[in-house]
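Novice: Shown below is the structure under consideration.
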Amino acid sequence: MPTREAQQAAANAAMDAWEHVPWPEGLLSYSCLLGEDGTTVTHYSQWTGDEALQLFRRNDPPERVQGILAAVPGIERHGVVTYRPFRAFVGEGPSEPPGCIVTVDITFEGPDPERQQRWVEAVLEAAATGSRSQSGLLAAHFHLSTDGTRVLNLAEWTDASAHRAFLESASPQWHRVLHFPGLKDNGATGTPSWAQARQHRPYRGLFLPPSTT
25 MPTREAQQAA ANAAMDAWEH VPWPEGLLSY SCLLGEDGTT VTHYSQWTGD EALQLFRRND
85 PPERVQGILA AVPGIERHGV VTYRPFRAFV GEGPSEPPGC IVTVDITFEG PDPERQQRWV
145 EAVLEAAATG SRSQSGLLAA HFHLSTDGTR VLNLAEWTDA SAHRAFLESA SPQWHRVLHF
205 PGLKDNGATG TPSWAQARQH RPYRGLFLPP STT
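Residues in the sequence shown are numbered from 25 upward in steps of one, following this note's numbering.
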């Protein structure tokens, strides 16, 4: 999006569009996260399975997306990636809502499901070397792309400053994660693509309506 105002307007338009269509079968939740850069909106939807998602894609009313684009000019859509949940951990401190959501979306040179899983295990090993409660890390949820080429880490932090402090004081164990074999670099600086972590503010979400029966 071109501006922070347009960013919020686009998220509102995307959320409001669901009020005018029936709730899709198999959709568990739909959330919008606002990028701290003020120009991006991340859409995160959870489905019961791939069959439900493909059925929705075939029957998604065109006016839903058209209405969003018409309501907020200037939207650039960057495509959709399908993942399956893999691993997660939750911090040991008291439960609290996150003030910052950090997404780390890494890409490998080619499809390799075993390599996807090994990278996640390396991250978990590195994370275990520090104090989750002191670092401000509340939880992390790892997703493997169904094509075998990507991993998405959706991490919950107390706030953006806690995440920045973590990056500045990361332990040596993170070196293995940063330079894991097969990571695709970002093409600009030569650094691994996963290092481009994106901070978001939780914004709005919709969840499967309760059964009326």
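Cβ coordinates follow ideal geometry from the N, Cα and C atoms, glycine included.
Restricting to runs no shorter than 3 residues, where is the beta strand (DSSP E) found entirely within the stretch 48-91?
Specialist: Segments of the beta strand (DSSP E) lying fully in the stretch 48-91: 51-59 and 65-71.
Novice: Taking the DSSP output, what are the residues bridged to Arg108?
Specialist: Arg108 is bridged to Leu168.
Novice: Short of 7 Å in beta carbon distance, which residues of its chain neighbour Thr173, apart from the five on each side in sequence? Order them along the chain.
Specialist: Around Thr173: Thr131, Phe132, Gly134 and Pro135.
Novice: Among all the DSSP beta bridges, which residues are the ones paired with Asp129?
Specialist: The partner list for Asp129 (beta bridge, DSSP) reads Leu176.
Novice: In angstroms, rounded to a whole number, what distance separates the CA positions of Glu138 and Ala150?
Specialist: Rounded to the nearest angstrom, the two C-alpha atoms are 19 Å apart.
Novice: Check the Cβ-Cβ distances between Ser53 and every residue of chain B, and say whether any is below 8 Å.
Specialist: Of the protein chains in the structure, only one exists, and it is not chain B.
Novice: With a threshold of 16 other CB atoms inside 10 Å of the CB of Val201, please say whether the residue is buried or exposed.
Specialist: Buried.
Novice: If you draw a straight line from the alpha carbon of Gly50 to that of Asp61, how long is it in whole angstroms?
Specialist: Going from the Cα of Gly50 to the Cα of Asp61 covers about 32 Å.
Novice: Using only the alpha-carbon positions, how far apart do Tyr107 and Ser193 sit?
Specialist: Cα to Cα, the separation comes out at about 30 Å.
Novice: Closest by CA to Phe190, which one among Pro121, Pro48, Trp42 and Leu162?
Specialist: The residue with the shortest Cα to Cα distance from Phe190 is Leu162.
Novice: Can the beta-carbon of Leu178 be found closer than 8 Å to that of His165?
Specialist: Yes, Cβ-Cβ distance for Leu178 and His165 is below 8 Å.
Novice: If you draw a straight line from the alpha carbon of Val89 to that of Arg81, how long is it in whole angstroms?
Specialist: Rounded to the nearest angstrom, the two C-alpha atoms are 12 Å apart.
Novice: Can you tell me whether Thr27 is buried or exposed? The criterion is at least 16 other CB atoms within 10 Å of its CB, across all chains shown.
Specialist: Burial call: exposed.
Novice: In this structure, how does DSSP classify Val114 when only helix, strand and coil are distinguished?
Specialist: Strand, per DSSP.
Novice: Return the bridge partner residues of Gly229 from the DSSP annotation.
Specialist: DSSP lists Ser55 as partners of Gly229.
Novice: Tell me which same chain residues have a C-beta within less than 8 Å of the C-beta of Leu230, skipping the five on either side of it?
Specialist: For Leu230, where only same-chain residues beyond five positions count, the Cβ hits under 8 Å are Met39, Trp42, Ser53, Tyr54 and Ser55.
Novice: Would you call Pro46 buried or exposed, if buried means 16 or more other Cβ atoms sit within 10 Å of its Cβ?
Specialist: By the 10 Å Cβ count, Pro46 comes out exposed.
Novice: Beta-carbon separation of Gln140 and Val175 under 8 Å?
Specialist: Yes, these two residues count as a Cβ contact at 8 Å.
Novice: State yes or no: is the C-beta of Phe110 within less than 8 Å of the C-beta of Val144?
Specialist: Yes; because the gap between Cβ atoms is below 8 Å, this pair is in contact.
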